[in-house]
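Visitor: In terms of numbering that gives the first Met the number 0, the sequence shown opens at residue 0 and continues consecutively.
Even glycine gets a Cβ: it sits at the ideal position worked out from N, Cα and C.
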Amino acid sequence: MMPLPNPVTAKPLLVVVDDEAPVLKVIERVAGKAGYDVVTCGSGSEAMRVLMRRPADLAMVDLRMPDVNGLDLLRQIRGAVPGCEVILMTAYAAVDSAVEAIKLGAREYLTKPFDFDRLRRVLVETRVEIERRAQVVALESQVARQLEFCGMLGRSPSMQEVFSLIQRLAPHAKVVLISGQTGTGKELGARAFHQAGPRRGRPFVTINCSAVVDTLFESELFGHVRGAFTGAVDSKPGMFEAAQGGTVFLDEIGELPLSVQAKLLRALEYGEVQRVGSLQLKRVDVAVIAATNRDLRAEVAAGRFRGDLFYRLNVVEVVLPPLSERREDIPYLTAAFLRDAAQRMRKPLTGLTPAAERLLLNARWDGNVRELKNVVERACMLADGNLVSERELAGAFGPDLAQPLRSPDIAAKARIALEKPAAPLDAIEREPIGGSNVTVSSTKLRPRDRCSAREAYPTCSIVRRNRPRPDASAVTHRSLARNCDHLALARSSLLLLIWVLS
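#1: Cα-Cα, which of Tyr108, Val285 and Met88 is closest to Arg198?
#2: Just to confirm the assignment: which complete alpha helix (DSSP H) runs, minimum length 4, are found wholly within the segment 55-107?
#3: Answer yes or no: do Gln159 and Gly153 have a C-beta to C-beta separation smaller than 8 angstroms?
#4: Return the chain-ordered list of same chain residues with a C-beta closer than 8 angstroms to the C-beta of Val315, the five sequence neighbours on each side being excluded.
#5: Let me know the secondary structure DSSP gives Gly222 once reduced to three states.
#6: So Glu356 is in the alpha helix (DSSP H); what residue range does that whole segment cover?
#7: Grab me the residues of Gly78's own chain with a C-beta within less than 7 angstroms of its C-beta, minus the 5 sequence neighbours each way, in chain order.
#8: Which of the three DSSP states is assigned to Arg326 in this structure?
#9: Could you check which residue in Phe148, Gly179, Ser155 and Thr181 has the C-alpha nearest to that of Ile165?
#10: Verify whether the separation of the beta carbon atoms of Leu62 and Thr39 is less than 8 angstroms.
#11: Between the segment 203-211 and the segment 337-351, can you find at least three pairs of beta-carbon atoms closer than 8 angstroms?
#12: Just to confirm before moving on: does the CB-CB distance between Gly34 and Val67 stay below 8 angstroms?
#13: I need the straight-line Cα distance from Asp294 to Ala189, nearest angstrom please.
#14: Please list the segments of the beta strand (DSSP E) lying wholly inside the segment 179-222, counting only runs of 3 or more residues, in order along the chain.
#15: For the alpha helix (DSSP H) holding Ala261, just list the boundary residues, first then last.
#16: Decide yes or no for the touch test of the segment 85-104 against the segment 361-372: beta carbon pairs closer than 8 angstroms, at least 3 of them.
#17: Quick check on the DSSP output: the alpha helix (DSSP H) that includes Phe248 runs from which residue to which?
#18: With a cut-off of 8 angstroms on the beta carbons, I'd call Leu103 and Met59 a contact; round off their distance for me.
#19: Among Ile288, Phe239, Ile252 and Gly226, whose alpha-carbon lies nearest the alpha-carbon of Glu219?
#20: Taking Phe216 as the reference, give the member of Ala195, Phe203 and Glu251 with the closest Cα.
#21: With DSSP collapsed to three states, give me the class of Arg282.
#22: So is Lys32 buried or exposed if we call it buried at 16+ other beta carbons inside 10 Å?
#23: Based on the DSSP output, what are the partners of Leu109 in its beta bridges?
#24: Could you compute how far the alpha carbon of Gly244 sits from the alpha carbon of Glu271?
#25: Taking the runs of the alpha helix (DSSP H) that are 4 residues or longer, which of them lie wholly in the segment 281-313?
#26: Please classify Tyr331: is it buried, with 16 or more other beta-carbons within 10 angstroms of its beta-carbon, or exposed?
#27: With three or more beta-carbon pairs closer than 8 angstroms as the criterion, would you say the segment 21-32 touches the segment 46-54?
#28: So Arg106 packs on Val85, CB below 8 angstroms; how close in whole Å?
#29: With respect to the alpha helix (DSSP H) encompassing Glu254, which residues constitute its N-terminal and C-terminal limits?
#30: Sort Leu255, Val212, Ser155 and Ala97 by Cα distance to Glu324 and report the nearest one.
#31: Let's test the definition: count the other Cβ atoms within 10 Å of the Cβ of Val16 and tell me whether it reaches 16, buried, or not, exposed.
#32: The beta strand (DSSP E) spanning Val275 covers which residue range?
#33: Taking only three categories from DSSP, how would you classify Arg116?
#34: Identify the continuous alpha helix (DSSP H) that holds Cys379 and give its terminal residues.
#35: To the nearest angstrom, how far is it from the Cα of Val368 to the Cα of Thr229?
#36: Using three-state DSSP, classify Asp18 as helix, strand or coil.
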């Protein structure tokens, strides 16, 4: 196998900002030997002018300068050049400023006078990280070019089959049906057909059949003449005329009223449309791509969709797989969505933590690719550092998260503890609390198995529905205290859990 070329051909750019000339000279000499191109600036305003002209890979900023505070300059740099790493320098080391610098995204906090061994080590380690990141970006772009087909991404066998089918059929097919669950990318598939066929560069006109009032369908598709109905003060061409020479995309075709289906069939059969209120037929030359998340065969059997229209549309059918059946594509889709969102929000995000990646791979994704994109964008809004964490990703899912926020085996162990039979009657204090109907096992969990009521709740609610009401024992003040200790719960947390289950 041929080695991949190294995409890093230029030295990383370092901008040093300090009002002391000797410090600038020292860093310029050390950084030059560490493999950097170095630009020195004597003030914060000069540094920002340099950075706006030529975005740097690394900036070293003095904490105290006459014209600007180093922390303020750090904020400006992170906002203007999201990919730029920042190292803060100071002769007045303080814990508060160091903590604040790290919170704002500083890579390192160096004190003056410099420990030159540490300075060299930090510069070399940062250069290696910058070059590694550049290689990753270049390779991601290379992989994306291989995985992308007309705006669609996927390396899974099912998506590669879809790409191959579109590529083979697009030059010839004039009527196409795309089916798939909501959020699988049916409009992207339609655009891919348009781009891969002879009509690319011509109009691509979209109409969402589920968003149009029934009485306006015919006018939207085929147009109307002046006075055709109340409010028709001018003649207006329909979607078919607007797409002349190009493609009409009918999204959610299953929502099309039966009264309009016959006229759509005529347009497909004869290439003719008739405006509302007119007797004149107009010739149109368009490709028609219809998409649906319904089973149109079942709709035909139920009498809600014309059989002759279905068979006319079903000349070529492309079925887009749900995301749950192409999980190997999730990392590539996530990387693309994350890169776009980070650029748009001007954030220095480079990826996800391993725990966050596992959370993405294990989620159900009922909303498919659209849901994945929305979750990644919300996680970008919540993210503070360079990597999206599990906590930030869980917050992006919101209340509909199908995946537990903690390790699933912890919640499972909590459920097992709650489902175990109660201790014998003579081991239980018999002073009941609030008539609770929940028995909590006093079996002790190992410290690493302990969990909060919040973690145990999703599974405990299931236990409640399926368990018969215990009548042999009750939770008491003293047993409550023991079980709080065994489960590592606060007394109030366990009482809340008991109330939820009761």
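Guide: Once the coordinates are examined:
#1: Position 199 of the sequence shown, counted from the start, is the residue given in the question as residue 198. Of the candidates Tyr108, Val285 and Met88, the one whose C-alpha sits nearest the C-alpha of Arg198 is Val285.
#2: 69-79 and 94-102
#3: Locating residue 159 in the sequence shown gives position 160, where the first residue counts as 1. Locating residue 153 in the sequence shown gives position 154, where the first residue counts as 1. Yes, these two residues count as a Cβ contact at 8 angstroms.
#4: One-based indexing of the sequence shown puts residue 315 at position 316. Taken in chain order, the residues that qualify are Leu168, Ala172, Val174, Val175 and Leu176.
#5: As a working mapping, residue 222 is identified with position 223 in the sequence shown. Gly222: strand per DSSP, three-state reduction.
#6: Residue mapping note: residue 356 aligns to position 357 of the sequence shown, counting from 1. Here the alpha helix (DSSP H) through Glu356 covers Pro353 to Asn361.
#7: If you number the sequence shown from 1, residue 78 lands on position 79. Excluding sequence neighbours, Gly78 sits near Arg345.
#8: Position 327 of the sequence shown, counted from the first residue, corresponds to residue 326. Here Arg326 sits in helix by DSSP.
#9: As a first step, residue 165 must be located in the sequence shown, where it is residue number 166. When each option's Cα is compared against that of Ile165, the closest is Phe148.
#10: The residue given as residue 62 occupies position 63 in the sequence shown. The residue given as residue 39 occupies position 40 in the sequence shown. No, they are not a contact pair.
#11: no
#12: For this step, residue 34 is matched to residue 35 along the sequence shown. For this step, residue 67 is matched to residue 68 along the sequence shown. No; because the gap between Cβ atoms is not below 8 angstroms, this pair is not in contact.
#13: As a position in the sequence shown, residue 294 is number 295, starting the count at 1. As a position in the sequence shown, residue 189 is number 190, starting the count at 1. Cα-Cα distance, rounded: 18 angstroms.
#14: 203-207
#15: Position 262 of the sequence shown, counted from the first residue, corresponds to residue 261. Where Ala261 is concerned, the enclosing alpha helix (DSSP H) stretches over Leu257 to Tyr269.
#16: no
#17: Along the sequence shown, one-based indexing puts residue 248 at 249. No alpha helix (DSSP H) contains Phe248, which is instead part of the beta strand (DSSP E) from Thr246 to Asp250.
#18: Reading the sequence shown from its first residue, position 104 is the one you call residue 103. Reading the sequence shown from its first residue, position 60 is the one you call residue 59. Contact flag wrong, Cβ pair sits at about 15 angstroms.
#19: Counting from one through the sequence shown, the residue named residue 219 turns up at place 220. Of the candidates Ile288, Phe239, Ile252 and Gly226, the one whose C-alpha sits nearest the C-alpha of Glu219 is Phe239.
#20: Here residue 216 refers to the residue found at position 217 of the sequence shown. Minimum Cα distance to Phe216 is reached at Glu251.
#21: Residue mapping note: residue 282 aligns to position 283 of the sequence shown, counting from 1. Arg282 falls in the strand class under three-state DSSP.
#22: Residue mapping note: residue 32 aligns to position 33 of the sequence shown, counting from 1. Exposed, by the Cβ-count rule.
#23: Translated into positions along the sequence shown, residue 109 becomes position 110. According to DSSP, which records beta bridges pairwise, Leu109 is partnered with Met88.
#24: Residue numbering aside, residue 244 sits at position 245 when the sequence shown is read from its first letter. Residue numbering aside, residue 271 sits at position 272 when the sequence shown is read from its first letter. In a straight line, the C-alpha of Gly244 is about 13 angstroms away from that of Glu271.
#25: 295-300 and 306-312
#26: Counting from 1 along the sequence shown, the entry for residue 331 is found at position 332. Buried, by the Cβ-count rule.
#27: no
#28: The sequence position of residue 106 within the sequence shown is 107, counting from 1. The sequence position of residue 85 within the sequence shown is 86, counting from 1. Yes, they are in contact, since the Cβ atoms of Arg106 and Val85 sit about 6 angstroms apart, within 8 angstroms.
#29: Translated into the one-based positions of the sequence shown, residue 254 becomes position 255. Where Glu254 is concerned, there is no enclosing alpha helix (DSSP H), given that its DSSP letter is neither H nor E.
#30: The residue you call residue 324 lines up with position 325 of the sequence shown. For the residues Leu255, Val212, Ser155 and Ala97, the minimum Cα distance to Glu324 belongs to Ser155.
#31: Here the question's residue 16 lines up with position 17 in the sequence shown. Val16 is buried by the Cβ-count criterion.
#32: Here residue 275 corresponds to residue number 276 of the sequence shown, with the count starting at 1. No beta strand (DSSP E) contains Val275, which DSSP labels as neither H nor E.
#33: In the sequence shown, the residue the question calls residue 116 occupies position 117. Note that residue 116 is Asp in the sequence shown, not Arg. Helix, per DSSP.
#34: Start at 1 with the first residue of the sequence shown, and residue 379 comes out as number 380. Element bounds for Cys379: Asn367 to Leu381.
#35: Within the sequence shown, the letter at position 369 stands for residue 368. Within the sequence shown, the letter at position 230 stands for residue 229. Their backbone Cα atoms lie some 42 angstroms apart in a straight line.
#36: Taking the sequence shown and counting its residues from 1, one reaches residue 18 at position 19. Asp18 falls in the coil class under three-state DSSP.
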